[in-house]
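Everything in the sequence shown is counted per the UniProt record's numbering, starting at 1 for the first residue and increasing by one. Even glycine gets a Cβ: it sits at the ideal position worked out from N, Cα and C. Remember, predicted model here, so these are calculated numbers, not experimental data.
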Amino acid sequence: MGAQFQHSLLLLTQQYLRRHARRLARSLRGAFDGANVEAIHQVRVACRRLRAGFRVFHDILGRTRVRRWRRSIRLLAKKLGEARDLDVEIQATLERLAQIHDVHMIPGVAYWLAHLERERARLQPKVRRAVRKFLRSGTLGNMRRWWRRSVVTPACQSEPTSDRTRDAAQMALQICILQRRLDAFQKASASLSDPADQEGHHVFRIRAKKLRYSLEALLPVLGSTAEVAVEALKQIQGWAGEIHDYDVWSARLDKAMRRVESGDPMAPRWLNPHRLVPGLTALHEYYRQARIQVFDRLREFCTQEKLRNLWRSLEQSHFHGDCRESGETSAAPVCDGLDGQRS
């Protein structure tokens with residue numbers, strides 16, 4: 001790797017790490033308090049982006065350092081995952097409850113909402129412990145010391161972006177990582193041929209997320225085709241995330257309905273299961289139908305020839321292609337009007 005580009009990559013690593021570490025630090029207080037449900041989401045997004053950065057910049061950061069930071073960040077994100085999932089389901093249940101006009105359906109959905117709120121409240125002490133443990137680990141302080149000690153000369157900071165892009169051909173390690181993630185994503189897309197392959201769809205969602213975050217970390221030194229790919233992946237990730245949510249919620253409702261119908265001995269004696277079943281059944285059916293619709297949109301989007309051309313263009317240009325220069329004009333319109341719902 002050339003000396004000039006090595007410095008450019010170092011600067012990019014510093015900027016990326018600083019931006020997302022600060023985002024994580026800002027969101028931790030809200031996650032600890034539990035007053036703002038969005039804070040936990042922001043913590044988990046920052047964790048995912050930092051982990052993606054550790055992967056693509058590990059030659060700059062050093063393997064030992066990356067291994068230590070990654071372990072700490074992964075544990076925090078995992079501990080907050082269940083709480084975030086419940087926050088999303090509570091919001092979806094609230095929205096669905098507001099749309100119900102049949103009074104016979106309301107008791108079951110209201111019961112389910114109360115159950116979710118209770119489960120979420122029980123998790124908050126675990127969230128607080130996870131945040132405390134992470135802060136005691138000193139990971140944020142260690143990252144802060146690293147980017148302050150890694151000096152980039154003023155000449156390198158002012159290096160034109162176009163020069164950095166031309167030198168990006170020397171970025172062999174990062175390109176190999178992107179290529180492996182693109183290959184894994186395309187392989188996982190085969191699961192879309194089977195609407196019932198829930199496990200395959202989950203893997204596809206994870207592969208899309210990893211590819212997107214890795215591309216975003218390196219966008220300043222990649223071409224415009226990579227920018228188009230990121231927009232497409234945002235949409236794919238949003239739909240795949242909805243599908244995963246519906247799968248999880250439906251499975252949870254299945255268990256709840258079986259407990260209610262069988263007369264759960266742990267349920268309050270005043271609870272009338274006959275009033276709950278219609279609403280729970282209707283909510284389960286709503287999620288099932290919604291999954292079908294979202295899956296159809298996802299599969300239609302992913303099988304477009306424009307999208308296939310986009311992935312092919314990325315591979316052929318080694319992720320440095322420009323839509324306007326490469327002649328792949330057919331790939332550019334694939335993301336018109338996209339507004340991915342997940343970060």
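- In the three-state scheme derived from DSSP, where H, G and I count as helix and E and B as strand, Q304 is classed as coil.
- The DSSP-derived three-state label of N309 is helix.
- Shortest Cα-Cα distance from W112 to any of L211, I60, R96 involves R96.
- For the pair of segments examined, the stretch 23–40 was found not to touch the stretch 229–248: the number of CB pairs separated by less than 8 Å stays below three.
- Relative to the Cα of V277, the nearest Cα in the group V43, V103, R74, Q174 belongs to V103.
- The alpha carbon of L17 has as its nearest neighbour, out of A217, P273, A251, the alpha carbon of A217.
- The criterion of a C-beta distance shorter than 8 Å is not satisfied by A21 and R132.
- Closest in alpha carbon position to A114, among Q91, R207, I73, is Q91.
- Rounded to the nearest angstrom, the gap between the Cα atoms of R297 and R84 is 25 Å.
- Taking each of I243, A208, D247 in turn and checking the Cα distance to A232, the smallest one comes out for A208.
- CA-CA distance, R299 to I243, rounds to 12 Å.
- Bounds of the alpha helix (DSSP H) holding P125 are 106–137.
- Separation of the CB atoms of V221 and S8 is rounded to 7 Å, and the pair is thereby assigned contact status at 8 Å.
- A direct Cα-to-Cα measurement between L61 and L307 gives close to 34 Å.
- By the neighbour-count criterion, in which a residue is buried when 16 or more other Cβ atoms sit within 10 angstroms of its Cβ, H101 is exposed.
- Following the DSSP letters along the chain, one finds M257 inside the alpha helix (DSSP H) bounded by residues 224–261.
- Counted as a single uninterrupted DSSP element, the stretch harbouring H318 is not any alpha helix (DSSP H), since DSSP gives it neither H nor E.
- Around the beta carbon of C47, 16 or more other beta carbons sit within 10 angstroms, so the residue counts as buried.
- Measuring C-alpha to C-alpha distances from R51 to each of Q304, P107, S72 identifies S72 as the nearest.
- Here the C-alpha atom of R65 lies approximately 53 Å from the C-alpha atom of E261.
- By the CB criterion at 8 Å, D87 and V43 fall outside the cutoff.
- A Cβ-Cβ distance of about 4 Å is found for the pair Y246 and R291, placing them in contact under the 8 Å criterion.
- Beta-carbon to beta-carbon, A25 and L140 are separated by about 6 Å, close enough to satisfy the 8 Å threshold.
- A direct Cα-Cα distance of roughly 8 Å separates H201 from S189.
- Closest in alpha carbon position to I106, among L94, L116, E117, is L94.
- Here V103 carries a coil assignment [DSSP, helix/strand/coil].
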